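Q: Numbering (the working numbering), first residue to last: 32 to 383.
All residues carry an ideal CB built from backbone N, CA and C; glycine is no exception.
All values derive from a computational prediction rather than experimental measurement.
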Ligand SMILES: Cc1cc2nc3c(=O)[nH]c(=O)nc-3n(C[C@H](O)[C@H](O)[C@H](O)COP(=O)(O)OP(=O)(O)OC[C@H]3O[C@@H](n4cnc5c(N)ncnc54)[C@H](O)[C@@H]3O)c2cc1C
């Protein structure tokens with residue numbers, strides 16, 4: 032029996048678990064948050080369901096599209112309406128040639144992680160943060176973790192024949208940097224740390240704003256194409272079937288990376304008011320200044336701007352270390368992260 036430890040239950044980590052579901056491998060996925068899905072995240076409030084990380088998954092990857100229409104299809108919904116654009120001056124233009132299907136689930140995109148978890152036969156441990164990795168002998172890892180239970184916090188460890196790291200690259204670099212490599216090749220560890228640490232990330236705030244009334248608009252979302260506006264994205268969750276009760280509206284406002292970085296540590300209510308003001312101005316709709324509740328979500332490592340050096344990452348296999356995620360695929364997209372997880376899982380299945 033081969034024990035595989037996967038760090039992170041985003042779609043990449045769960046993609047690894049899914050790919051290994053019909054093998055002899057005993058897979059344990061460690062996730063520091065209470066929920067699975069990572070940046071494919073959904074919140075709920077009153078009768079609303081809204082996606083606060085990724086907005087939707089496209090079927091740009093054939094393999095992922097097949098999975099979505101197969102094992103993961105239950106509850107999948109297509110977002111109604113196109114994405115339009117706006118420029119630095121807030122000038123809105125129809126269309127960007129992108130009216131493809133934009134998948135979420137009736138219960139939100141986090142369902143994707145739940146479906147992958149349920150379809151795999153892995154043990155998924157949530158609320159468990161991996162804190163250290165230690166190489167033992169030539170062919171074993173010890174994975175140390177902490178359980179984030181406020182009533183009875185505890186620490187533990189598990190052995191594994193191979194470890195898959197799927198957190199965003201800065202966290203992966205941190206874990207590798209602290210790893211005790213034992214008698215292993217320290218130059219390899221340094222190369223891997225450098226490859227992961229080299230990936231630049233954008234920081235994003237995601238601000239959900241709820242309104243008791245709904246405006247009838249011809250688009251689902253607006254995206255800023257010249258990257259010179261305070262806002263990068265404004266979308267309407269009511270365009271996703273099942274997300275917002277009839278007659279109500281829920282805007283998801285994602286300010287630009289610069290705005291998000293600048294205001295990252297501001298209080299939630301200040302961020303929400305500023306985001307609502309900017310959205311009302313962009314939509315030219317005085318009713319959008321006054322929301323009745325808001326939810327601010329901070330993503331420090333939101334989107335990788337490019338991928339890590341794949342050749343260096345591949346060499347991790349010499350030390351039974353594997354990687355998956357959007358930063359491994361080189362594209363900050365759900366389908367790319369999931370594909371990366373499936374491929375890494377298959378590589379492991381071939382090797383062990
Ligand atoms: C605001 C925003 C908007 C986006 N919009 C879109 C979009 O519209 N369409 C699209 O396709 N993509 C979008 N993306 C990108 C998409 O969400 C990501 O590319 C994808 O979800 C990455 O999946 P992943 O599994 O690689 O990483 P993650 O989802 O980040 O998963 C990594 C997991 O590892 C866990 N973890 C980290 N450290 C540890 C540790 N030490 N121990 C245990 N667990 C740990 C984390 O909690 C997390 O759950 C967006 C992202 C953001 C933030």
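#1: In terms of alpha-carbon separation, which member of 37, 341, 284 and 219 lies closest to residue 83?
#2: Is it the case that the Cβ atoms of residue 126 and residue 45 are separated by a distance below 8 Å?
#3: For ligand 1, I want to know if residue 383 counts as a neighbour, meaning its beta carbon is within less than 7 Å of at least one of the ligand's heavy atoms.
#4: Between which two residues does the alpha helix (DSSP H) harbouring residue 201 extend?
#5: Taking the C-alpha atoms as reference points, what is the distance between residue 106 and residue 137?
#6: Mind reading off the beta-carbon distance from residue 343 to residue 236? Whole number of angstroms is fine, and I expect it under 8 Å.
#7: For the candidate residues 226, 192, 90 and 327, whose alpha-carbon lies nearest to that of residue 208?
#8: Taking the alpha carbon of residue 7 as the point to measure from, which residue in 269, 48, 230 and 119 has its own alpha carbon closest?
#9: Answer with buried or exposed for residue 190, where buried requires no fewer than 16 other C-beta atoms within 10 angstroms of its C-beta.
#10: Under 8 Å between C-beta atoms, does residue 214 make it to chain C?
#11: For residue 212, I'd like the list of residues in its chain whose CB is within less than 6 Å of its CB, leaving aside the five on either flank, ordered along the chain.
#12: Which ranges would you report for the beta strand (DSSP E) in the region 119-195 if only whole runs of at least 3 residues count?
#13: Identify whether residue 214 lies in helix, strand or coil by the three-state DSSP scheme.
#14: For the region 343-376, which segments carrying the beta strand (DSSP E) assignment without a break, of at least 3 residues, lie completely within its bounds, in sequence order?
#15: What are the partner residues of residue 285, as DSSP defines its beta bridges?
#16: Which one or two residues does DSSP pair with residue 115 in a beta bridge?
#17: Under the rule that 16 or more other beta-carbon atoms within 10 Å means buried, what is residue 341, buried or exposed?
#18: Taking the C-alpha atoms as reference points, what is the distance between residue 193 and residue 59?
#19: Do you know offhand how far residue 305's Cα is from residue 294's?
#20: Would the C-beta of residue 88 count as close to ligand 1, meaning under 7 Å from any of its heavy atoms?
A: Looking at the atomic coordinates:
#1: 284
#2: no
#3: no
#4: 200-209
#5: 6 Å
#6: Incorrect: roughly 32 Å between the Cβ atoms, too far for contact.
#7: 226
#8: Residue 7 is absent from the model: the chain starts at 32 and stops at 383.
#9: exposed
#10: Absence of chain C from the displayed structure is noted, only one protein chain being present.
#11: 166 and 220
#12: 134-136, 154-157, 159-167, 171-178 and 185-191
#13: coil
#14: 352-354
#15: 264
#16: 253
#17: exposed
#18: 11 Å
#19: 10 Å
#20: yes
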